[in-house]
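For reference, each letter of the sequence shown is one residue, going 1 to 219 in the numbering used here. We put the CB at the ideal spot given by N, CA and C, even for glycine.
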Amino acid sequence: MKCAIIVFVKYPETGKVKTRLGKDIGYEIAAKLYTAFVEDMLSNLDESGLTPIIAFDPFQPVEKYKEWLGERTYIPQQGEDLGQRMYNALQTAFDLNFDTSILTGSDLPDLDPERILKARQTLQKAPACIGPANDGGYYLIGFQKDFLTDSIFKNMEWSTDRVFSETLLRLEKMDINPSTLQEHQDMDTMEDLKRLLNNRKAQKLCFKSLAVLETVFPC
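What follows is the structure, encoded as structure tokens:
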């Protein structure tokens, strides 16, 4: 099966990315940190033989993303809310003749690409897969082409601790039994940043992110 790996990316403009962290560490540092998150994550995916598709936030033109991240496949995020943008990105991949499609965020610098490879493998048999986050949301979701449904994205209360459980309930109602991956967490809080610093695998997976973090938490 041909599998698309879609990564949602925003342009790292000061005051536009990781604003929750920016309140604690400053918006300029937050933008630098997000830049490192994206570059570390894409580097890890590239080294694993995966070729990510960049779903970019069109508040900046695609040319600016290309200047930053180089020549890749880019698709614009489209939709009125996060759910619509996610569904449309997954559907776009299927329109590009992929058989399965996986979508993930870009603030997962310590996400081992083996998790993505595992997700791709599970979609050879399972109709869907989902990776729960520690905060009750999810960091990854994927589908086989025939099982993508917008019902799990509509009228969802995003950024709450009920997103993962509600998504499972909706999938169950559609008679879709997803494969559940190992739990992980994106970088939203100061506690998340401290956890990243204490991750023994982080030095290999996200050295750029750690270099910025060392300016936030000096020894």
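| Item | Value |
| --- | --- |
| For V216, the residue or residues it bridges with in DSSP | DSSP lists no partner for V216. |
| According to DSSP, residues forming a beta bridge with T180 | I130 |
| Top-ranked residue by Cα proximity to Y87, from T104, E71, T73, E183 | T104 |
| Close beta carbons around I116, own chain, < 8 angstroms, minus the five adjacent residues each side | I5, L45, S48, L50, I102, T104, L140 |
| Rounded straight-line distance, which links the Cα of P61 to that of Q182 | 35 angstroms |
| Under the three-state DSSP convention, the category P113 falls into | helix |
| Helix, strand or coil at F37 according to DSSP, with G and I counted as helix | helix |
| Extent of the continuous beta strand (DSSP E) run through S101 | 100 to 104 |
| Extent of the continuous beta strand (DSSP E) to which I54 belongs | 53 to 56 |
| Endpoints, the alpha helix (DSSP H) within which V163 is located | 163 to 173 |
| Cβ pair G136, T160 closer than 8 angstroms | yes |
| Q203 versus E71: straight-line alpha-carbon distance, rounded | 27 angstroms |
| E157 versus L82, A31, G22, S43, residue with shortest Cα-Cα distance | L82 |
| Contact check, L108 vs D186, beta carbons under 8 angstroms | yes |
| Reduced DSSP secondary structure (H/G/I, E/B, other) of G142 | strand |
| Residues sharing a beta bridge with V9, DSSP | F56 |
| Contacts around D110, its chain only, beta-carbon distance under 7 angstroms, and the 5 residues preceding and following it disregarded | L196, N199, K201, A202, L205, C206 |
| V7 versus Y27: straight-line alpha-carbon distance, rounded | 23 angstroms |
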